[in-house]
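J.: Taking this note's numbering, the leading residue of the sequence shown gets 348, the next gets one more, and so forth.
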Amino acid sequence: MQDATTRTDGSPAPGPVRGPDTVDDDTVRAALGRYLTRTSGHRTEITHFSRKSSGFSWITFGFEARSASGADRMLILRVGPPNGLFAPYSVQPQVHALQSLAGTGVPVPALVAFEQGGAEIGHPFFICEHIEGAVPAPWAASMLADGHKRAIALQFLSILGKLHRIDARATPLATRPDKSDERAEVGAVAAWRASLARPTARYYPLLDWGGKWLQDNCPLPPRRTIVHGDYRIGNFIERDGTIVAILDWELTHVGDPHEDLAWALMPTFNARSRKLYGVIERAEVIDLYQRASGITVSARSLAFYEAFALYQAAAIQMCAVRAFEVDRFNDMRMAVMASQMPSIIRAFERALEAAA
């Protein structure tokens, strides 16, 4: 029998615990001022600088850049911490997504600057425009009127359709060589398998076996599209009943569009409802999406990606637990994520049976 620290790929037992490695807000603020002064050629003062509480991965700051040139701007800074959920961080997926989608009809913040090497700040970061509006919490859907939620959900599906109509081959996201023996959608499954195979204190046999089954049985996509990777209620800004920006493009890749649809349908992101935003039935969601995207949804592929969504959710939980327990990322929300694993694994088992 396999013990709790041995994986099917032979990965080693957990290593020693590292000390805390944090991002200091005052240090970031001072470094940001130096960076913008250098790159703009004008002395820039950082005011109204504050850390945003939302999000589990990149650390987000809002600020005003006051320049000697007289051009004051409200901006957003996102920093990849060295001990965060998906460390080590790369700015490329988000930068490529924002560059690719500007002017396409998919609403995204305008990219201002980015540095993979960290420049003065010392950690990977990017800066984008600040967009006024509210970010809806998925669990607070019951507080909103059904008519409002339906209007937002219809826009949500329309934007997803626009995203999946874009020719990914003509964008910066298409950086991977087009080789006949490589499938990007299989690569997405393999990446999460590798994440779960990292040395952590917890091992789940069903995830080990299920991940291999997913990789071996990944269906061919109807076409390869830009996949957001975390397209859900709560990852957009709305203002006056309109979605004005889709957020959090760090998991963006080229793959099967069923992946985004399956993720959006997860009850976790719909206040535990099987209806999108608690108001649109599954059959109508599929019909609306097909019309918006021009893609015929495969029941088999959707079932596969619903299983994959739960597998991915389990992998993210384990990333969070590792970030808190091993890398000492100071966010108490991550500390409780291990308690959610039993329910995720039970749901994953049922989803695998439906997909097989």
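Where is the CB? At the ideal position from N, CA and C, for every residue including glycine.
#1: Along the chain, where does the alpha helix (DSSP H) that runs through phenylalanine 695 open and close?
#2: Which word fits glutamate 392, buried or exposed, when buried means at least 16 other C-beta atoms lie within 10 angstroms of its C-beta?
#3: Buried or exposed for proline 483, going by 16 or more other Cβ atoms inside 10 Å?
#4: Whole angstroms is fine: what's the gap from alanine 457's alpha carbon to isoleucine 423's?
#5: Residue range of the beta strand (DSSP E) that phenylalanine 408 falls in?
#6: Can you tell me whether DSSP reads phenylalanine 473 as helix, strand or coil?
#7: Whose CA, out of Glu462, Ile584, Arg420, Gly534, lies closest to the CA of alanine 500?
#8: In this structure, how does DSSP classify glutamate 532 when only helix, strand and coil are distinguished?
#9: Return helix, strand or coil for histidine 389, following the three-state DSSP convention.
#10: The alpha helix (DSSP H) with isoleucine 633 in it runs from where to where?
#11: If contacts are defined as beta-carbon pairs under 8 Å, then valine 455 and isoleucine 593 qualify, I think. What distance do you get, rounded to the angstrom?
#12: Which one of Ser505, Trp405, Phe472, Met688 has the shortest CA to CA distance from methionine 665?
#13: Using the Cα positions of glycine 427 and aspartate 372, report the straight-line distance between them to the nearest angstrom.
#14: Quick one: measure Cβ to Cβ for alanine 535 and histidine 600, integer angstroms, because I've assumed they're closer than 8 Å.
#15: Taking a contact to mean a Cβ-Cβ separation below 7 Å, would you say isoleucine 506 touches valine 453 in this structure?
#16: Thinking C-alpha only, which one of Leu383, Ser404, Leu608, Gly388 is nearest threonine 394?
#17: Measure the alpha-carbon distance for glycine 485 versus alanine 611 and round it to whole angstroms.
#18: Determine the direct distance from the alpha carbon of isoleucine 692 to that of leucine 553, and round the result to whole angstroms.
#19: Rank Glu532, Ala460, Glu476 by C-alpha distance to the C-alpha of cysteine 565 and give the top, closest one.
#20: Three-state secondary structure (DSSP) at serine 527?
#21: Decide if alanine 654 is buried, meaning its Cβ has at least 16 other Cβ atoms within 10 Å, or exposed.
#22: Could you check whether the segment 467-482 touches the segment 613-633, counting it as contact only if at least three pairs of C-beta atoms, one from each stretch, sit closer than 8 Å?
#23: If you draw a straight line from the alpha carbon of serine 387 to that of asparagine 582, how long is it in whole angstroms?
#24: In chain order, what are the residue ranges of uninterrupted beta strand (DSSP E) at least 3 long that sit wholly in the segment 560-586?
#25: Just to confirm my understanding: we take glycine 588, look at its own chain, exclude 5 residues before and 5 after, and list those with CB closer than 8 Å. What are they?
#26: Using a 10 Å radius around the Cβ and a threshold of 16 neighbouring Cβ atoms, would you call arginine 621 buried or exposed?
#27: So the beta strand (DSSP E) valine 459 belongs to, where does it begin and stop?
T.: This is what the structure holds:
#1: Here residue 695 refers to the residue found at position 348 of the sequence shown. First-last of the alpha helix (DSSP H) with phenylalanine 695: 688-702.
#2: On the sequence shown, position 45 is the one that residue 392 refers to. Classification of glutamate 392: exposed, given that the 10 Å Cβ count is below 16.
#3: To locate residue 483, count along the sequence shown from 1; it is residue 136. Per the 10 Å Cβ criterion, buried.
#4: As a first step, residue 457 is located in the sequence shown; it is residue number 110 there, counting from the start. As a first step, residue 423 is located in the sequence shown; it is residue number 76 there, counting from the start. Using only the alpha carbons, I get a separation of about 10 Å.
#5: Your numbering for residue 408 matches position 61 in the sequence shown. Here the beta strand (DSSP E) through phenylalanine 408 covers 406-414.
#6: Here residue 473 refers to the residue found at position 126 of the sequence shown. Of the three classes helix, strand and coil, the one that applies to phenylalanine 473 here is strand, per DSSP.
#7: Start at 1 with the first residue of the sequence shown, and residue 500 comes out as number 153. Comparing Cα-Cα distances from alanine 500 to each of Glu462, Ile584, Arg420, Gly534, the minimum goes to Ile584.
#8: For the purposes of this step, residue 532 is taken as residue 185 along the sequence shown, with counting starting at 1. If DSSP states are grouped into helix, strand and coil, glutamate 532 belongs with the helices.
#9: Position 42 of the sequence shown, counted from the start, is the residue given in the question as residue 389. Note: histidine 389 maps to coil in three-state DSSP.
#10: In the sequence shown, the residue the question calls residue 633 occupies position 286. Run containing isoleucine 633: 629-640, per the alpha helix (DSSP H) assignment.
#11: For the purposes of this step, residue 455 is taken as the residue at position 108 of the sequence shown. For the purposes of this step, residue 593 is taken as the residue at position 246 of the sequence shown. Yes, they are in contact, since the Cβ atoms of valine 455 and isoleucine 593 sit about 6 Å apart, within 8 Å.
#12: Your numbering for residue 665 matches position 318 in the sequence shown. Cα-wise, what sits closest to methionine 665 is Met688.
#13: By 1-based counting over the sequence shown, the position of residue 427 is 80. By 1-based counting over the sequence shown, the position of residue 372 is 25. So the two alpha carbons sit approximately 13 Å from each other.
#14: The sequence position of residue 535 within the sequence shown is 188, counting from 1. The sequence position of residue 600 within the sequence shown is 253, counting from 1. About 6 Å; that satisfies the 8 Å criterion.
#15: Stepping through the sequence shown from its first residue, residue 506 is reached at position 159. Stepping through the sequence shown from its first residue, residue 453 is reached at position 106. Yes, these two residues count as a Cβ contact at 7 Å.
#16: Locating residue 394 in the sequence shown gives position 47, where the first residue counts as 1. Looking at the Cα atoms, Leu383 is the closest of the given residues.
#17: On the sequence shown, position 138 is the one that residue 485 refers to. On the sequence shown, position 264 is the one that residue 611 refers to. Looking at the sequence provided, one finds proline at residue 485 rather than glycine. Going by the C-alpha atoms only, they are around 11 Å apart.
#18: Residue numbering aside, residue 553 sits at position 206 when the sequence shown is read from its first letter. Residue numbering aside, residue 692 sits at position 345 when the sequence shown is read from its first letter. For leucine 553 and isoleucine 692, the distance between alpha carbons rounds to 8 Å.
#19: Position 218 of the sequence shown, counted from the start, is the residue given in the question as residue 565. Here the closest residue by C-alpha is Glu532.
#20: Taking the sequence shown and counting its residues from 1, one reaches residue 527 at position 180. Confidence at serine 527 is low in this model, with a pLDDT of 44, below 50, so its placement is unreliable and no value can be given for it.
#21: Residue 654 sits at position 307 when you count from the first residue of the sequence shown. Alanine 654 comes out buried.
#22: no
#23: As a working note, residue 387 is residue 40 in the sequence shown. As a working note, residue 582 is residue 235 in the sequence shown. If you take the alpha carbons of serine 387 and asparagine 582, they lie about 31 Å apart.
#24: 572-574, 583-586
#25: Against the sequence shown, residue 588 aligns to sequence position 241. These residues qualify, in order along the chain: His495, Ala498, Ile499.
#26: The count along the sequence shown starts at 1 and reaches residue 621 at position 274. Looking at its Cβ environment, which holds fewer than 16 other Cβ atoms inside 10 Å, arginine 621 is exposed.
#27: Reading the sequence shown from its first residue, position 112 is the one you call residue 459. Note, valine 459: beta strand (DSSP E), 458-462.
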